[in-house]
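In the working numbering, the protein residues as written are 83 to 171.
Idealized CB from N, CA, C, for every residue including glycine.
Small disclaimer: the values here were computed from a predicted structure and weren't measured.
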């Protein structure tokens, strides 16, 4: 199965859902290459950016589970070429 690189952005609008978000990220840790989280105190939200490397199905499963968490918004972008081909994205 082709592996793809991607970016997943998560905006946590309700601090009450943080535990659920972290549990899903833990469950899919093998897909996550890098993670950056930043609080935006003025707006009362937190933003998490993930770099992921996995099959389309695995990345879709991750984003689907995150998207079903009330209080969090999720968007993803997947590279057109697979991760094994190299070259510029």
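Cβ-Cβ distance between residue i and residue j below 7 Å
i: residue 118; j: residue 131; result: yes
i: residue 113; j: residue 140; result: yes
DSSP-derived helix/strand/coil call for residue i
i: residue 146; result: helix
i: residue 85; result: coil
i: residue 51; result: An answer regarding residue 51 cannot be provided, because it is not within the stretch 83 to 171 covered by the chain.
Backbone CA spacing between residue i and residue j [nearest angstrom]
i: residue 84; j: residue 162; result: 11 Å
i: residue 90; j: residue 110; result: 12 Å
i: residue 116; j: residue 150; result: 22 Å
i: residue 128; j: residue 105; result: 16 Å
i: residue 160; j: residue 145; result: 12 Å
i: residue 143; j: residue 135; result: 13 Å
Is it a yes or a no for the stretch 144 to 164 touching the stretch 88 to 103, going by three-plus beta-carbon pairs under 8 Å?
yes
Beta strand (DSSP E) runs contained entirely in the stretch 117 to 141, provided each spans 3 or more residues:
127 to 136, all fully within the stretch 117 to 141.
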